[in-house]
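Peer 1:
2 protein chains.
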Amino acid sequence: MPASIGLVERLTREIVETIRTENLQPGQSLPSAKVLASRFEVTVPTVREALRRLEATGSVELKHGSGTYVREAINRRILDNPHYVPVDLAAAIELLDARIAIEPGIAELAANVQDADAVNSMESALDNALQVKTAVPAGHFHVELARASGNRALHEMLVSLLAIHSRTQQAARTSYDRLRDHDEHADILDAIRRGDGFEASHRTRKHLEAIKTAVLADWADDTDPTEGSRR
Amino acid sequence: MPASIGLVERLTREIVETIRTENLQPGQSLPSAKVLASRFEVTVPTVREALRRLEATGSVELKHGSGTYVREAINRRILDNPHYVPVDLAAAIELLDARIAIEPGIAELAANVQDADAVNSMESALDNALQVKTAVPAGHFHVELARASGNRALHEMLVSLLAIHSRTQQAARTSYDRLRDHDEHADILDAIRRGDGFEASHRTRKHLEAIKTAVLADWADDTDPTEGSRR
DNA sequence: AGTGTTTAAGTCATCTAATCACTTCAGTGG
DNA sequence: CCACTGAAGTGATTAGATGACTTAAACACT
């Protein structure tokens, strides 16, 4: 019987186990590939293959000439596919539909939990949104909203969704009105602060549906009226 | 300026691009590592590191002595972290909370869309659920429900959630009553068939909340009444 | 002809060894 | 004090070789 899974597979798990048992936090460095090789009694190329696997899921980062470092994603359950290549604009709409389906429920939960740190972060995201030099990344408000729910799985889910969204929306330039975006965010935050789950859910849904409408309108504008497809 | 990203990083993208342009479908084999190496003018170990990255995200599979094959996940946006190690039982509850937050919305969407193939698949999942030799994997009904929504992102999300769930619930043995599970699924499917989004959403939420209650009850049973914590 | 075994080619798996490139930091000299 | 330099450590990539596994064709036996 093939009870023997690949050596790299096993080695990968052992490295993760090492990170766990030695309580290495994101930012800290792993032993060098050479050290890991001797410790697990394999050769350097094998170690590198295992590290490449962990790199693909964002669990570690290989810095040339410096070392190998633990990254945040090692604690994440839900990830976005780093090798996914965005295809058409319809995929962007599909992502928005997905958000419309799940974010209202997240907003409701956030209203009931109200993780203090995350709620404050939503507030600051709100403030910075109107600044010209917006250091806050797009969608940050929504990510923090998910974090306010206190559920890490939901948080990771929205992080993943927006990561894909940002890669996809190269095509779909969302020209959603900045001021309107801010106001609607403020309304949502208000409902969450009051602990009104129903309103938070409802306003979040309306907000996202409005964005979808705007994106669709942009699409219609971009498309040549005399022609159905582009390229 | 670091205009130079790693060679492996670039190579990985080129391989994905090759799969795309040559329209290789899941199950089909990639050229051998040696061929890829000469085609992209790198050496075999470098190719292998790139393939390991793709392997980690389930985009390809390396079969010893056979070849490298494309896998389904190459078309997925949302993934579960293959290196995630389940920790405590509280994480299982957190996953259930996440499902309670998002699945009602998915059920509502499913009621409005009703992807024919997926709805039929839900039906068959329902039928097989009561068989002793249950070939249908756990949670299959819920995955198909998400597929019935017609939104691939949502479908992938639930696949990921349940993949993690199955790895976590080694600890949390859900002893949810099989018959009750079946009946509640039937009720949900009924609402979806009727196109009643509100009912589908409501019944899905109640169903998941009932499961959560059952899991918590199991937990209480397992825990020694005289002691608050274990380990 | 049909069946089972053997053989050979192709492929991934792993190792050994070496060179190159990048980062860091301590030490040097200004 | 500061800028420069150089050495050490580390990852990046290459090269070649050996082993193990899979597959299927060639073969021998029935």
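Residue numbers (my numbering), protein chains in the order written: chain A, 1 to 231; chain B, 1001 to 1231.
The C-beta atom is built at its ideal place from N, Cα and C for all residues, glycine as well.
Let me know the secondary structure DSSP gives B:A1003 once reduced to three states.
Peer 2: Confidence at B:A1003 is low in this model, with a pLDDT of 39, below 50, so the placement of that residue should be treated as unreliable; the coordinate-derived value is given next. Looking at B:A1003 - three-state DSSP - the assignment turns out to be coil, as it is neither helix nor strand.
Peer 1: Which runs of the alpha helix (DSSP H) spanning at least 4 residues fall entirely within the region 53-109 of chain A, listed in chain order?
Peer 2: Segments of the alpha helix (DSSP H) lying fully in the region 53-109 of chain A: there are none.
Peer 1: Please confirm whether B:H1083 has its beta-carbon closer than 8 Å to some beta-carbon of chain A.
Peer 2: yes
Peer 1: Among A:I93, A:L189, A:R203, which residue has its Cα nearest to the Cα of A:N120?
Peer 2: Residue A:L189 is the option with its Cα nearest to A:N120.
Peer 1: Please classify B:D1177 as buried or exposed, where buried requires at least 16 neighbouring CB atoms within 10 angstroms.
Peer 2: exposed
Peer 1: Look up A:S29 in the DSSP assignment and give the residues it is bridged to.
Peer 2: A:Y69
Peer 1: What did DSSP end up calling B:F1141 once you bin it into helix, strand or coil?
Peer 2: helix
Peer 1: Any idea if B:L1096 is buried or exposed, counting beta-carbon neighbours within 10 angstroms, 16 or more meaning buried?
Peer 2: Buried, because 16 or more other Cβ atoms sit within 10 Å of the Cβ of B:L1096.
Peer 1: Around the Cβ of B:H1155, are there at least 16 other Cβ atoms within 10 angstroms (buried) or fewer (exposed)?
Peer 2: buried
Peer 1: Does any CB atom of chain B fall closer than 8 Å to the CB of A:R20?
Peer 2: Closer than 8 Å: yes.
Peer 1: Rounded to a whole number of angstroms, what is the C-alpha to C-alpha distance between B:V1136 and B:L1162?
Peer 2: CA-CA distance, B:V1136 to B:L1162, rounds to 14 Å.
Peer 1: Closer than 9 Å by beta-carbon distance: list the chain B residues that pair up with A:A200, in chain order.
Peer 2: Correct list: empty, because the minimum Cβ distance to chain B is about 12 Å.
Peer 1: Taking the C-alpha atoms as reference points, what is the distance between B:I1100 and B:V1042?
Peer 2: 49 Å
Peer 1: Kindly indicate which residue of B:A1107, B:D1181, B:E1094 has the alpha-carbon position closest to the one of B:D1127.
Peer 2: B:D1181
Peer 1: Residues of chain A with CB under 9 Å from B:I1005, in chain order?
Peer 2: Within 9 Å Cβ-Cβ: nothing; B:I1005 doesn't reach chain A, min ~10 Å.
Peer 1: Consult DSSP for A:D115 and reduce its assignment to one of helix, strand or coil.
Peer 2: A:D115 falls in the coil class under three-state DSSP.
Peer 1: Is B:L1130 helix, strand or coil by DSSP?
Peer 2: coil
Peer 1: For B:S1029 versus B:T1057, is the C-beta distance shorter than 8 Å?
Peer 2: Inclusion of B:S1029 and B:T1057 in the CB contact set at 8 Å is not warranted, their separation being larger than that value.
Peer 1: Are the CB atoms of A:Q114 and A:G197 within a distance shorter than 8 Å?
Peer 2: no
Peer 1: Chain A partners of B:T1012, CB-CB under 7 Å?
Peer 2: Under the 7 Å cutoff, chain A gives H83.
Peer 1: Does the region 47-61 of chain A come close enough to the region 3-23 of chain A to have 3 or more Cβ pairs within less than 8 Å?
Peer 2: yes
Peer 1: Listing by chain order, which chain A residues have their CB less than 8 Å from the CB of B:N1282?
Peer 2: Only positions 1001 to 1231 of chain B appear in this structure, which leaves residue 1282 of chain B out of reach.
Peer 1: Against chain A, with Cβ distances strictly below 8 Å, would B:G1105 count as a contact?
Peer 2: yes
Peer 1: At 7 Å on the CB atoms, spell out the chain B contacts of A:I211, in chain order.
Peer 2: Within 7 Å Cβ-Cβ: nothing; A:I211 doesn't reach chain B, min ~16 Å.
Peer 1: Show which residues of chain A have a CB atom less than 7 Å away from the CB atom of B:A1056.
Peer 2: R53, A56, T57
Peer 1: Among A:I78, A:H83, A:S66, whose alpha-carbon lies nearest the alpha-carbon of B:N1075?
Peer 2: A:H83
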